[in-house]
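The numbering of the sequence shown is full-length UniProt numbering, which starts it at 1 and goes up by one. Glycine included, C-beta positions come from ideal geometry on N, C-alpha and C.
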Amino acid sequence: MAHQTRNTANGDGPRTASVRGISVSYTDRGTGYPLLFIHGHPFDHTMWEPQVRALAGRGYRVIAPDLRGYGRSTVVPGTTTLDTFARDLAALLNHLELDVVGVVGLSMGGQIALELYRLFPDRVDALVLAATNPHAETEKGRRARAETAERLRTEGMGGYTDDMLVGMMSAANVRDLPAVADHVRAMMYAAPPEGAAAALLGRAQRPDYIPLLKRISAPTLLVVGQEDEFTPPDFTESMHVLVPDSTVEIIEGAGHLPNLERPDRFNELLRRFMEAGRRRVWGG
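Here is the structure:
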């Protein structure tokens, strides 16, 4: 059961926690039902700014970390598996004295959320998986990730960012939402190449989460942008068939980052889902 919690620290700026031998940077805002937001690759906690603004202090305590290797958190060269990310987050929850939370993840963050559920199902009260691919990596995909990791280590993030911006967002939104495109571009440029490369190599080793989907007992919201080319709506629809207590929402006019491309709609769906969950947990 998720308990109402209070953030007792002063200020809303980034903080740091020493967990599992690294420093994890995170924001922790608001009071109420605790929500853990897990960002995707190659971003940082600021990809959740529209959700933090909408929810923190309005019945929710919002925790948004920079994952290992991203943002202000420690960069560890090599390979960072989804298991490693998930155990880092569990340790952060221990640091914050939070036993159970609602978990929101997008893309790689959704895969980490699934891994967190696989390892610690009793700590996940509700689950939101946005733009999430539950399948194991293909052999072709593993080769591509290894090649991209080497590119990031040798060239940095610039060329990769320029190549991937359209895809992360729909082409129309890159054109029509310049402030959002600038934010996405800035996050990608700023990502530490070694950290991003380590995550790519780790995702290449990810397991098949299809068997896990059938065992998820937490209420689950599945969200995808209608124009997502990386994780098409068909992926999300197929997950909906497997996850017992799930709802699926397809957001029109959004690509791979619906929380940034259509934040009002994303926030509406998230709030509605979480309010239903709070009624289940607290009876009010």
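Assigned exposure category for residue i - 16 Cβ within 10 Å defines buried
i: E147; result: exposed
i: D182; result: exposed
i: A131; result: buried
i: A179; result: exposed
i: T138; result: exposed
i: R145; result: buried
i: P77; result: exposed
i: G13; result: exposed
Short Cβ contact (9 Å threshold) for residue i with residue j
i: P263; j: A54; result: yes
i: T80; j: G195; result: yes
i: L35; j: V104; result: yes
i: S73; j: I22; result: yes
i: A190; j: G71; result: yes
i: G156; j: P193; result: yes
i: residue 285; j: P50; result: Residue 285 cannot be examined here, being either before or after the span of the chain that is shown, 1 to 284.
i: D66; j: E115; result: no
i: L270; j: V52; result: no
Span of the beta strand (DSSP E) around residue i
i: V62; result: 59-65
Run of the alpha helix (DSSP H) containing residue i, from where it starts to where it stops
i: G92; result: In the sequence on display, residue 92 carries Leu and not Gly. That run of the alpha helix (DSSP H) goes 82-95.
i: L242; result: 233-242
i: Y33; result: Looking at the DSSP string, Y33 is not in any alpha helix (DSSP H); the run it does join, the beta strand (DSSP E), is 22-38.
i: E137; result: Taken as a continuous stretch (DSSP letters only), E137 belongs to no alpha helix (DSSP H), as it is neither H nor E.
i: D122; result: From DSSP, D122 is part of no alpha helix (DSSP H); its letter is neither H nor E.
i: A196; result: 193-204
Neighbourhood of residue i by C-beta, 6 Å cutoff - its chain only, sequence neighbours within 5 removed
i: T247; result: L221
i: A276; result: none
i: P32; result: The displayed chain sequence assigns Gly, not Pro, to residue 32. The residues are Q4, G59, Y60, R61.
i: L242; result: L213, K214
i: S107; result: G40, A131
i: E227; result: S170, G255
i: G30; result: A56, G57, Y60, R61, V62
Close Cβ partners of residue i (< 7 Å) along its chain, the five nearest in sequence each way excluded
i: D120; result: In the sequence as displayed, the identity of residue 120 is Phe instead of Asp. Correct list, in chain order: A90.
i: A197; result: A149, L152, R153
i: T16; result: S23, V24, S25
i: A2; result: Any reading at A2 needs caution, since the residue's pLDDT is 45, under 50, leaving its predicted position unreliable; the model's value is listed next. Once the five neighbours on either side are set aside, the close Cβ partners of A2 are Y33, P34, V100, V101, G102, D125, V281.
i: A64; result: Y26, T27, F37, H45, W48, V52
i: T161; result: R185, M188, Y189
i: A136; result: R206, P207, D208
Contacting residues, own chain, Cβ-Cβ under 8 Å from residue i (five flanking each side not counted)
i: M187; result: P42, F43, D44, T46, M47
i: V166; result: V174
i: G158; result: Y189
- request: Could you tell me whether the segment 91-100 touches the segment 167-178, where touching means 3 or more Cβ pairs closer than 8 Å?
  value: The segment 91-100 vs the segment 167-178: no contact.
task: Evaluate contact between the segment 198-205 and the segment 232-244, counting only Cβ atoms and requiring at least three cross-stretch pairs below 8 Å.
output: Taking a contact to require three or more Cβ pairs closer than 8 Å, the segment 198-205 and the segment 232-244 do not qualify as touching.
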